[in-house]
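Student: Protein chains in written order, with our numbering: chain A, 37 to 369; chain B, 37 to 369.
Backbone N, C-alpha and C fix where the C-beta goes; we use that ideal spot for every residue, glycine too.
Since we're looking at a predicted model, the values are computed, not measured.
2 protein chains.
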Amino acid sequence: MGLDHAATKPHEKLAAHLTDKLDGVNALIRTRMESRHAPRIPEVTAHLVEAGGKRLRPMLTLAAADLCGYGGEYDVHLAATVEFIHTATLLHDDVVDESAQRRGRPTANLLWDNKSSVLVGDYLFARAFQLMVETGSLRVLDILANASATIAEGEVLQLTAARDLATDEDIYLQIVRGKTAALFSAATEVGGVISGVAEDQIQALFDYGDALGIAFQIVDDLLDYQGQSAATGKNVGDDFRERKLTLPVIKAVAAADTEERAFWTRTIEKGDQRDGDLEHALTLLAQHDALGRTRQDALQWTSKAKDAITKLPDHPVRQMLIDLADFVVARVS
Amino acid sequence: MGLDHAATKPHEKLAAHLTDKLDGVNALIRTRMESRHAPRIPEVTAHLVEAGGKRLRPMLTLAAADLCGYGGEYDVHLAATVEFIHTATLLHDDVVDESAQRRGRPTANLLWDNKSSVLVGDYLFARAFQLMVETGSLRVLDILANASATIAEGEVLQLTAARDLATDEDIYLQIVRGKTAALFSAATEVGGVISGVAEDQIQALFDYGDALGIAFQIVDDLLDYQGQSAATGKNVGDDFRERKLTLPVIKAVAAADTEERAFWTRTIEKGDQRDGDLEHALTLLAQHDALGRTRQDALQWTSKAKDAITKLPDHPVRQMLIDLADFVVARVS
């Protein structure tokens, strides 16, 4: 994802279309992440909030509201809410995973410490909560409360399931909904809810966000085995080294013979990894076409996302959201 | 605090008076801490939620609602909310402080791990959020959102201020409001809000919770230097060893001569602690009557709490809340 085709990619077109609203979101984020008493807070958050994220989740809320003809200001509040929740989960995830890189930079907990990551994450979550309350919509609060519970539950589930070879595609899907899709679907759903559109359109917005989020996470897990560090900000094989059972490996394990299964048990379940193991894992994934079949799954979720959004009225933003869904899997074409 | 005078202590009288409601709170807590997908969650929370806490915070909500003649069911929801928020902050505090004991038991993060503590705390916070949404009161949501932000801000402030000898009594008070009083005052305030009483009574309930919480935390910090491990579940001098600048030390530092200041700089700011340092710290605290003057401050906050609650109508629960305020400081009489 170089910079040579700027403004031709779907998320860039969305950003250009929503530029005034996005400026409002950025201004609100800067205001609300300040702390009168604890200057450490903006120090930690600036690192993440200003780090050149694509603002994908807030853009989904703004796009959904725009597509539904929303004329108010609370789309900006909710977009900032969604970004704060996302940033809080990144901070807590950093503590958890001891991951060494995030968006190609050192993680907050290497620059500061675990304490700051946990507590500043809590602060952002509380700030998100305040922003939603300001919208005055109990339904919005309900959606985002449920999404928050699903996110935390998915993260806990991942703790116990990630290194367990019994983890199947159903459990993987639950984890992925928690990690990624719950916030995507909440982001699009609340855009519809504040716009007051019909229930079937709200459902379609939810379905779009859910399927897009699942496709997005599957592609992310795929890129971990076939991406380039420069493009993704991650190193190839990070998930393997961290013993995370993601979809490519789940497919390879399901097709494994006895010897292959012993390899996965040793490397993922027992964590006994040696020189050459990542290369052997990649060979096994290739033998069972695990990456190709994972990509097929991502394409199916992309189709679901596009089918869902087609239930909304014709609108330039609708086409951008369709293109966005295609773009998500184009990363692994 | 032995068991010989059971049911004569104010919190025990409150518990006896509110027994049906408290049963409802315990049942709701058990239901809502379950997780369909992640059995690790109740494993971690049961440890804290069932660990024989006095349910002081939920009792404050129930007592406030009872005192205001509330006849509905949402006091139970809000009491459970408050306990979930409290438990979530304990879990996150465990990660942060590497504290070795909590209520006399090993902390969750020694029994499980940091990952579980962070993520299960997040789950409980999300569950708390869902419970409040069910009350349908935006004002209640606003109060608890603000309390959550104050709690997180106070904890972050403590990170930067705790080992800094420049921390004065004003900063200490901000930290204490974050650590303890914000949830106490929110607990009592929401009890008044759902009861629909007049604004001056809601304010009085807030003031009571705020002052009680401050007194409670000051006493806690005092007990750290003069309590017994069996009574408090903490070891004498834990705060000193963890280099936490609490009120007794702040008072001693304010009165310190050059040599004494050098001692506090070495032990608290630089963390260079040697054999005999705790004993010397206790000697300095005694020389400046730092413990006695800290106790006087606690007594003043107790008076403020009692003055505030006296603005509520006469009622058996009002007397129990007055007695509770006295009992908080009686621990250090």
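Taking Cβ positions, are B/Ile65 and B/Glu109 nearer each other than 9 angstroms?
Tutor: Numbered from its first residue, the second sequence carries residue 65 of chain B at position 29. Numbered from its first residue, the second sequence carries residue 109 of chain B at position 73. No, these two residues do not count as a Cβ contact at 9 angstroms.
Student: Find the residues of chain A that neighbour B/Thr196, judging by a C-beta separation of less than 8 angstroms, and give them in chain order.
Tutor: In the second sequence, the residue the question calls residue 196 of chain B occupies position 160. Chain order gives the chain A residues near B/Thr196 as Ala74, Pro75 and Arg76, where near means a beta carbon separation below 8 angstroms.
Student: Check whether the stretch 163–181 of chain B and the stretch 202–218 of chain A are in contact - that is, three or more C-beta pairs closer than 8 angstroms.
Tutor: Not touching, per the Cβ criterion.
Student: Taking any Cβ of chain A, which residues in the stretch 208–228 of chain B have a Cβ under 7 angstroms from it, in chain order?
Tutor: Gln210
Student: If we call anything under 9 angstroms between Cβ atoms a contact, is A/Leu155 one with B/Val192?
Tutor: By 1-based counting over the first sequence, the position of residue 155 of chain A is 119. By 1-based counting over the second sequence, the position of residue 192 of chain B is 156. Taking 9 angstroms as the Cβ cut-off, A/Leu155 and B/Val192 qualify as a contacting pair.
Student: Indicate the three-state DSSP secondary structure (helix, strand or coil) for A/Ser71 in the structure shown.
Tutor: Within the first sequence, residue 71 of chain A is the residue found at index 35, counting from 1. Of the three classes helix, strand and coil, the one that applies to A/Ser71 here is coil, per DSSP.
Student: Please tell me whether B/Ile250 has its Cβ less than 9 angstroms away from any Cβ of chain A.
Tutor: Within the second sequence, numbered from 1, the residue matching residue 250 of chain B stands at position 214. Answer no: the Cβ-Cβ gap between B/Ile250 and chain A never drops below 9 angstroms.
Student: Taking the alpha helix (DSSP H) that B/Val272 falls in, what are its first and last residues?
Tutor: For the purposes of this step, residue 272 of chain B is taken as residue 236 along the second sequence, with counting starting at 1. Boundaries cannot be given for B/Val272, as no alpha helix (DSSP H) includes it and DSSP labels it neither H nor E.
Student: If you draw a straight line from the C-alpha of B/Ala202 to the C-alpha of B/Leu258, how long is it?
Tutor: Your numbering for residue 202 of chain B matches position 166 in the second sequence. Your numbering for residue 258 of chain B matches position 222 in the second sequence. So the two alpha carbons sit approximately 20 angstroms from each other.
Student: Below 8 angstroms on C-beta distance, what does B/Asn62 contact in chain A?
Tutor: The residue labelled residue 62 of chain B in the question sits at position 26 within the second sequence. Near B/Asn62 there are no residues of chain A at all, since even the closest Cβ is about 20 angstroms away, more than 8 angstroms.
Student: Look at the alpha carbon of A/Ile121 and the alpha carbon of B/Ser173, and state the distance between them as a whole number of angstroms.
Tutor: For the purposes of this step, residue 121 of chain A is identified with residue 85 of the first sequence, where counting begins at 1. For the purposes of this step, residue 173 of chain B is identified with residue 137 of the second sequence, where counting begins at 1. Approximately 22 angstroms between the Cα atoms of the pair.
Student: Does the CB of A/Ile358 have a neighbour CB from chain B at under 9 angstroms?
Tutor: As a working mapping, residue 358 of chain A is identified with position 322 in the first sequence. When Cβ-Cβ separations below 9 angstroms define contact, A/Ile358 makes no contact with chain B.
Student: List, in order along the chain, the chain A residues whose C-beta lies closer than 7 angstroms to that of B/Gly172?
Tutor: The sequence position of residue 172 of chain B within the second sequence is 136, counting from 1. Simply Leu174.
Student: Measure how close the beta-carbons of B/Leu314 and B/Phe363 come, nearest whole angstrom, since I'm counting them as under 8 angstroms.
Tutor: Position 278 of the second sequence, counting from 1, holds the residue named residue 314 of chain B. Position 327 of the second sequence, counting from 1, holds the residue named residue 363 of chain B. Between B/Phe363 and B/Leu314 the Cβ distance is about 28 angstroms, and since that is not below 8 angstroms, they are no contact.
Student: Return no unless some Cβ of chain A is closer than 9 angstroms to the Cβ of B/Tyr110.
Tutor: One-based indexing of the second sequence puts residue 110 of chain B at position 74. Not closer than 9 angstroms to any Cβ of chain A, the Cβ of B/Tyr110 fails to qualify, so no.
Student: Does the stretch 230–242 of chain B come close enough to the stretch 302–319 of chain B that 3 or more CB-CB pairs lie under 8 angstroms?
Tutor: no
Student: Quick check: is the beta carbon of B/Tyr261 nearer than 9 angstroms to any beta carbon in chain A?
Tutor: Translated into positions along the second sequence, residue 261 of chain B becomes position 225. No, because no Cβ of chain A sits closer than 9 angstroms to the Cβ of B/Tyr261.
Student: By the three-class DSSP mapping on this structure, what secondary structure does A/Ala188 have?
Tutor: In the first sequence, residue 188 of chain A corresponds to position 152, counting from 1. In the structure shown, A/Ala188 sits in a helix (DSSP, three-state: H, G or I).
Student: Can you check whether the CB of A/Leu96 is closer than 9 angstroms to the CB of A/Phe220?
Tutor: By one-based count along the first sequence, residue 220 of chain A stands at place 184. By one-based count along the first sequence, residue 96 of chain A stands at place 60. Yes; because the gap between Cβ atoms is below 9 angstroms, this pair is in contact.
Student: Suppose the cutoff is 7 angstroms on Cβ atoms and the five residues either side in sequence are ignored; what does the same chain contact list for B/Gly307 look like?
Tutor: For the purposes of this step, residue 307 of chain B is taken as residue 271 along the second sequence, with counting starting at 1. Taken in chain order, the residues that qualify are Arg279.
Student: Rank A/Thr67, A/Pro94, A/Lys57 and A/Asp158 by C-alpha distance to the C-alpha of B/Ile187 and give the top, closest one.
Tutor: To locate residue 187 of chain B, count along the second sequence from 1; it is residue 151. Taking only the C-alpha atoms, the option nearest B/Ile187 is A/Asp158.
Student: How about the stretch 340–356 of chain A and the stretch 316–328 of chain B: do they share at least three Cβ pairs that are nearer than 8 angstroms?
Tutor: no
Student: Could one say the Cβ of A/Lys347 lies closer than 9 angstroms to chain B's Cβ atoms, at least one of them?
Tutor: Along the first sequence, one-based indexing puts residue 347 of chain A at 311. Chain B, which has no Cβ nearer than 9 angstroms to the Cβ of A/Lys347, makes this no.
Student: 9 angstroms is my cut-off, CB to CB: does B/Glu191 come that close to chain A?
Tutor: Position 155 of the second sequence, counted from the start, is the residue given in the question as residue 191 of chain B. So, interface residue.
Student: Can you list, in chain order, the residues of its chain with a C-beta nearer than 8 angstroms to that of B/Glu225? Leave out the 5 residues immediately preceding and following it.
Tutor: As a position in the second sequence, residue 225 of chain B is number 189, starting the count at 1. Once the five neighbours on either side are set aside, the close Cβ partners of B/Glu225 are Ala100, Ile179, Ile238, Leu241, Phe242 and Gly245.
Student: How big is the Cα-Cα spacing for B/Ala292 and B/Lys57?
Tutor: What you label residue 292 of chain B is simply residue 256 of the second sequence in a count that begins at 1. What you label residue 57 of chain B is simply residue 21 of the second sequence in a count that begins at 1. Roughly 50 angstroms between the two C-alpha positions.
Student: Under 9 angstroms, do B/Ala116 and B/Arg68 count as touching if we go by C-beta distance?
Tutor: For the purposes of this step, residue 116 of chain B is taken as the residue at position 80 of the second sequence. For the purposes of this step, residue 68 of chain B is taken as the residue at position 32 of the second sequence. Yes. Within cutoff.
Student: Given that a residue counts as buried once 16 or more other Cβ atoms are within 10 Å of its Cβ, and exposed if not, what is B/Asp333?
Tutor: Numbered from its first residue, the second sequence carries residue 333 of chain B at position 297. Buried: at least 16 other Cβ atoms inside 10 Å.
Student: Less than 9 angstroms between CB atoms is the rule here; does B/Leu335 satisfy it with respect to chain A?
Tutor: To locate residue 335 of chain B, count along the second sequence from 1; it is residue 299. So no, B/Leu335 is outside the interface.
Student: Under the three-state reduction of DSSP, which class applies to B/Tyr208: helix, strand or coil?
Tutor: If you number the second sequence from 1, residue 208 of chain B lands on position 172. Here B/Tyr208 sits in helix by DSSP.
Student: Quick check: the Cα distance between A/Arg370 and A/Leu281, rounded to an integer number of angstroms?
Tutor: Because chain A is modelled from 37 through 369, residue 370 of chain A falls outside the range shown and cannot be assessed.
Student: Relative to the C-alpha of B/Arg76, which candidate in A/Ala290, A/Ala197, A/Leu360 and A/Lys340 has its C-alpha closest?
Tutor: Mapped onto the second sequence, residue 76 of chain B falls at position 40. Checked all of A/Ala290, A/Ala197, A/Leu360 and A/Lys340; the closest Cα to B/Arg76 is A/Ala197.
Student: Just checking: is the beta-carbon of B/Ala361 within a distance shorter than 9 angstroms of some beta-carbon in chain A?
Tutor: Working through the second sequence from its first residue, we reach residue 361 of chain B at position 325. Cβ-Cβ to chain A under 9 angstroms: no for B/Ala361.
Student: Would you report the Cα separation of A/Pro46 and A/Leu360, rounded to the nearest angstrom?
Tutor: Position 10 of the first sequence, counted from the start, is the residue given in the question as residue 46 of chain A. Position 324 of the first sequence, counted from the start, is the residue given in the question as residue 360 of chain A. Within the model, the alpha-carbon separation for A/Pro46 versus A/Leu360 is close to 5 angstroms.
Student: Measure the alpha-carbon distance for A/His113 versus A/Leu92 and round it to whole angstroms.
Tutor: Sequence index remark: in the first sequence, residue 113 of chain A carries index 77 (1-based). Sequence index remark: in the first sequence, residue 92 of chain A carries index 56 (1-based). For A/His113 and A/Leu92, the distance between alpha carbons rounds to 15 angstroms.
Student: Count the other CB atoms within 10 Å of the CB of A/Glu295; is the residue buried (16 or more) or exposed (fewer)?
Tutor: By one-based count along the first sequence, residue 295 of chain A stands at place 259. It is exposed - the Cβ of A/Glu295 has fewer than 16 other Cβ atoms within 10 Å.
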